[in-house]
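Add 119 to the 1-based position in the sequence shown for the working numbering, that's all there is to it.
In what follows, a structure is listed as structure tokens, so that the remarks can point back to it.
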Amino acid sequence: EEYGADAVRFTLTAMAAMGRDLKLSTQRIAGYRNFGTKLWNATRFAQMNEAVFGQEFDPQSLELSVNKWIVGELYKCTAAVTEAIEDYRFNDAANAVYQFTWDVLCDWYLEISKPILNGEDEAAKAETRATLGWVLEQTFTALHPFMPFITEALWEQTGAREDFLMQQPWPGLDGGYADAAAADELDWVLRVISQIRSVRADVNVPAGAKVP
Numbered sequence: 120e121e122y123g124a125d126a127v128r129f130t131l132t133a134m135a136a137m138g139r140d141l142k143l144s145t146q147r148i149a150g151y152r153n154f155g156t157k158l159w160n161a162t163r164f165a166q167m168n169e170a171v172f173g174q175e176f177d178p179q180s181l182e183l184s185v186n187k188w189i190v191g192e193l194y195k196c197t198a199a200v201t202e203a204i205e206d207y208r209f210n211d212a213a214n215a216v217y218q219f220t221w222d223v224l225c226d227w228y229l230e231i232s233k234p235i236l237n238g239e240d241e242a243a244k245a246e247t248r249a250t251l252g253w254v255l256e257q258t259f260t261a262l263h264p265f266m267p268f269i270t271e272a273l274w275e276q277t278g279a280r281e282d283f284l285m286q287q288p289w290p291g292l293d294g295g296y297a298d299a300a301a302a303d304e305l306d307w308v309l310r311v312i313s314q315i316r317s318v319r320a321d322v323n324v325p326a327g328a329k330v331p
């Protein structure tokens, strides 16, 4: 009652390493409840910014590096989750989809996409809206075995759906998808931002401070 079924289910999965006794922690359950809230808020952000759900999507048509990058990261995530599930390493599967959803999709992609979505380039906005909607749909599907209730609810709320999420094909792209140039470019950008944040923390510069 306190944390919800999905948070408990995800906690049990994430802690279920082979050959280890599971010592359940309510702090972990609360943390994964926050994870569910993070996904919910990311979906609301997408809806507020007119992300496109339930449409055909062709990754090969992408022009923007940030969109090529997130699709490549999504494919790496779903490949890792698939391999871990097939090997009965359910904790590794849960942790892989958690890391992608929280760190890559919510913390990086959503933030980097904001200037595009608020910008004047209509073609870039349209591409980013389509990418954001599609990536979230694939994320719902990859998370569904671990958090079936929230993902099914979000699936229903993001489009006029004829089928349940649990009836959708498992996510993944035939033959994979990767754009090495986009990956290198975004890797450089993310490292620069991370190093700036680290320096700012080291010298105690407040997050809201403006410097020359």
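Quick reminder that beta carbons are idealized off the backbone N, C-alpha and C, glycines included.
Measuring alpha carbon to alpha carbon, tell me which residue in the options is nearest residue i.
i	options	result
alanine 212	His263, Arg319 and Arg280	His263
phenylalanine 154	Ile235, Phe265 and Gln287	Phe265
leucine 251	Thr277, Ala272 and Glu271	Thr277
aspartate 303	Ile189, Lys157 and Asp240	Ile189
alanine 215	Ala242, Leu143, Met134 and Arg248	Met134
alanine 272	Leu158, Gln146 and Leu131	Leu158
threonine 247	Phe219, Pro234, Trp221 and Thr132	Pro234
glycine 150	Val127, Ala320 and Ile312	Val127
threonine 258	Gly191, Thr197 and Gln179	Thr197
methionine 137	Leu193, Asp298, Gly173 and Tyr207	Tyr207
alanine 299	Ser184, Gln166 and Ser313	Ser184
glutamate 230	Asn168, Phe129 and Tyr122	Asn168
tyrosine 228	Glu182, Ala165 and Val322	Ala165
tyrosine 194	Gln314, Thr220, Gln174 and Leu236	Thr220
alanine 279	Glu239, Gln174, Gly291 and Ser317	Gln174
glycine 291	Glu192, Leu236 and Phe129	Glu192
Would you decide whether residue i is buried or exposed? Buried here means 16 or more other CB atoms lie within 10 Å of its CB.
i	result
asparagine 186	buried
arginine 152	buried
phenylalanine 283	exposed
glycine 327	exposed
valine 324	exposed
valine 330	exposed
proline 288	exposed
aspartate 245	The sequence given here has alanine at residue 245, not aspartate. By the 10 Å Cβ count, alanine 245 comes out exposed.
valine 223	buried
threonine 145	exposed
valine 311	exposed
serine 232	buried
glutamate 120	exposed
isoleucine 148	buried
alanine 242	exposed
tryptophan 307	exposed
valine 171	buried
alanine 161	buried
glutamate 256	buried
Can you list, in chain order, the residues of its chain with a C-beta nearer than 7 Å to that of residue i? Leave out the 5 residues immediately preceding and following it.
i	result
tryptophan 253	Phe176
valine 200	Ala212, Ala215, Val216 and Ala261
Within its chain, find whatever has a CB closer than 6 Å to the CB of residue i; leave out the 5 residues flanking it on each side and keep chain order.
i	result
isoleucine 269	Asp125 and Gly155
proline 178	Val190 and Tyr296
To which residues of the same chain is residue i closer than 8 Å at the C-beta, ignoring the five residues directly before and after it?
i	result
leucine 131	Leu141 and Leu143
arginine 319	Ala326
Complete beta strand (DSSP E) runs within the stretch 212-237 (minimum length 3 residues, chain order)
Under the rule that a run must span 3 or more residues, no beta strand (DSSP E) segment is found entirely inside the stretch 212-237.
Please go through the stretch 128-215 and give each complete alpha helix (DSSP H) segment of 4 or more residues, from N-terminal end onward.
145-167 and 184-205
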